[in-house]
Amino acid sequence: MDPAEPDDLAATQEAVVSWYDDNARDLPWRRPGTTAWGVLVSEVMLQQTPVVRVKPAWRSWTSRWPTPADLAAAPTAEVLRAWDRLGYPRRALRLQQCARAVVERHGGIVPTDEESLLALPGVGAYTAAAVAAFAHGRRAVVLDTNVRRVLGRALEGRALPAPSLSRAEQERARTYLPDDAARSVRWNVGLMELGALVCTARAPRCPACPLVGTCAWVLAGRPADEHAHRRRTQTWHGTDRQARGRVMAALRGSDGWTGHDELLRAAADGADPAALPDRSQPGRALASLVADGLVVAGADDRAGWYRLP
DNA sequence: AACGCGGGGGT
DNA sequence: ACCCCAGCGTT
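Residue numbers for the first sequence follow the numbering used here, beginning at 3 and rising by one.
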């Protein structure tokens, strides 16, 4: 498809927007009355965590800490406990730092411009654009993994987007962004929804796609992913991340201080016996959590004891 | 540009 | 078993 052809462009926009009108999921953070802070919280939670797992956590968080000031004032240990198993708990830490920055820099009001949003802890290019668009109705280039995949297929005929976002990709996305702000929001959320429900990474449901007639990837016969050989499978069993996760789980379930030995046992617990034992891993995991500010190490008579911050 | 960072559900 | 998920910050 020629991206510069105005008729194709308008037809593509209309196809996505009207498909979204008919197929949008009823997600809690899309309901009328959701605050900008609620949208921001949802976006941070959705960074690498699937929608189904975010839903209950988001309801609990927004009910418990409805405003940035509420979260800013909360005990960090409670914030980390409430984060529970959403994964990547550094996000919870940054979200509280973000809440404090919103209070200090913006009087407790979530800013509307992408530049101010981007300056907040835990808010990167995607989240800044998403909050500007979905919380404030602004025109913004929202490029997440879903949008990149849909545009890559429909416009370029690629099975999956390249590992890193290119300038050309951003420019092309900007070209397709509707001029009207309200319509651009529906376009953005429509592309994301299309990627989540139809144009999925693994088993796309092309017959159900509003773009199937013009999709460059379909027209090319759905060629395979050209980057497949470069994608690294993320190993999980036996990794430091798994050990860190176990330490955090142990601390979430414990009031007050926990001893060094107990935490190291937790870190090693359940490790694959067949795997090469790495005796330094438990200690390394604990040290890295302390370095990240996710765990506090006691001093003096509390030396050798640990707790959530 | 590449890497580290959780955890669980779908295939 | 493997893959993927509304990415970000650091190196």
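We put the CB at the ideal spot given by N, CA and C, even for glycine.
Predicted model, so just to flag it, every value in this text is computed and none were measured.
For the beta strand (DSSP E) containing residue i, name the first residue and the last one.
{"i": "residue 169", "result": "First-last for residue 169: 169–178, but that is the alpha helix (DSSP H), not the beta strand (DSSP E)."}
Looking at residue j and residue i, is the spacing between their C-beta atoms short of 8 Å?
{"i": "residue 81", "j": "residue 73", "result": "yes"}
{"i": "residue 93", "j": "residue 46", "result": "yes"}
{"i": "residue 71", "j": "residue 40", "result": "no"}
{"i": "residue 148", "j": "residue 193", "result": "yes"}
{"i": "residue 258", "j": "residue 309", "result": "yes"}
{"i": "residue 296", "j": "residue 91", "result": "yes"}
{"i": "residue 86", "j": "residue 59", "result": "yes"}
{"i": "residue 138", "j": "residue 26", "result": "no"}
{"i": "residue 151", "j": "residue 203", "result": "yes"}
{"i": "residue 115", "j": "residue 128", "result": "no"}
{"i": "residue 299", "j": "residue 292", "result": "yes"}
{"i": "residue 200", "j": "residue 184", "result": "no"}
{"i": "residue 178", "j": "residue 51", "result": "no"}
{"i": "residue 283", "j": "residue 305", "result": "no"}
Between which two residues does the alpha helix (DSSP H) carrying residue i extend?
{"i": "residue 128", "result": "127–136"}
{"i": "residue 307", "result": "Unbroken run through residue 307 is the beta strand (DSSP E), 307–309; no alpha helix (DSSP H)."}
{"i": "residue 31", "result": "Careful: residue 31 lies outside any alpha helix (DSSP H) and carries neither H nor E."}
{"i": "residue 246", "result": "242–254"}
{"i": "residue 69", "result": "No alpha helix (DSSP H) holds residue 69; DSSP gives it neither H nor E."}
{"i": "residue 262", "result": "262–270"}
{"i": "residue 219", "result": "218–221"}
{"i": "residue 85", "result": "78–85"}
{"i": "residue 100", "result": "92–108"}
{"i": "residue 40", "result": "38–47"}
{"i": "residue 140", "result": "Neither: residue 140 is in no alpha helix (DSSP H) and is coded neither H nor E."}
{"i": "residue 150", "result": "147–153"}
{"i": "residue 192", "result": "183–199"}
{"i": "residue 120", "result": "116–120"}
Check the DSSP bridge columns for residue i and list the partner residues they point to.
{"i": "residue 237", "result": "Its beta-bridge partners do not exist; DSSP assigns none."}
{"i": "residue 298", "result": "309"}
{"i": "residue 159", "result": "In the DSSP output, where bridge partners are listed per residue, residue 159 has none listed."}
Which residue from the options puts its Cα closest to that of residue i?
{"i": "residue 11", "options": "303, 213, 223, 245", "result": "213"}
{"i": "residue 20", "options": "144, 190, 77", "result": "190"}
{"i": "residue 167", "options": "36, 178, 153", "result": "153"}
{"i": "residue 169", "options": "281, 181, 143", "result": "143"}
{"i": "residue 188", "options": "14, 23, 13, 85", "result": "23"}
{"i": "residue 180", "options": "95, 140, 49", "result": "140"}
{"i": "residue 123", "options": "282, 256, 104, 250", "result": "104"}
{"i": "residue 43", "options": "177, 55, 97, 18", "result": "97"}
{"i": "residue 254", "options": "112, 237, 78", "result": "78"}
{"i": "residue 32", "options": "14, 15, 53", "result": "53"}
{"i": "residue 30", "options": "83, 237, 56", "result": "56"}
{"i": "residue 95", "options": "280, 305, 250", "result": "250"}
{"i": "residue 18", "options": "237, 186, 230", "result": "186"}
{"i": "residue 252", "options": "99, 34, 49, 83", "result": "83"}
{"i": "residue 48", "options": "16, 237, 206, 198", "result": "198"}
Query raised in the report: With a cut-off of 8 Å, do at least 3 Cβ pairs link the region 152–163 to the region 127–135?
Result: no
Requested in this report: Evaluate contact between the region 214–223 and the region 163–170, counting only Cβ atoms and requiring at least three cross-stretch pairs below 8 Å.
Outcome: no
Query - the region 262–271 / the region 55–65 touching (three or more Cβ pairs under 8 Å) - result: no
Query raised in the report: Using 8 Å as the threshold, is the region 171–178 in touch with the region 200–219, meaning 3 or more CB pairs across them?
Result: no
Report task. Check whether the region 237–257 touches the region 279–289, taking contact to mean three or more Cβ pairs, one atom from each stretch, closer than 8 Å. Result -> yes
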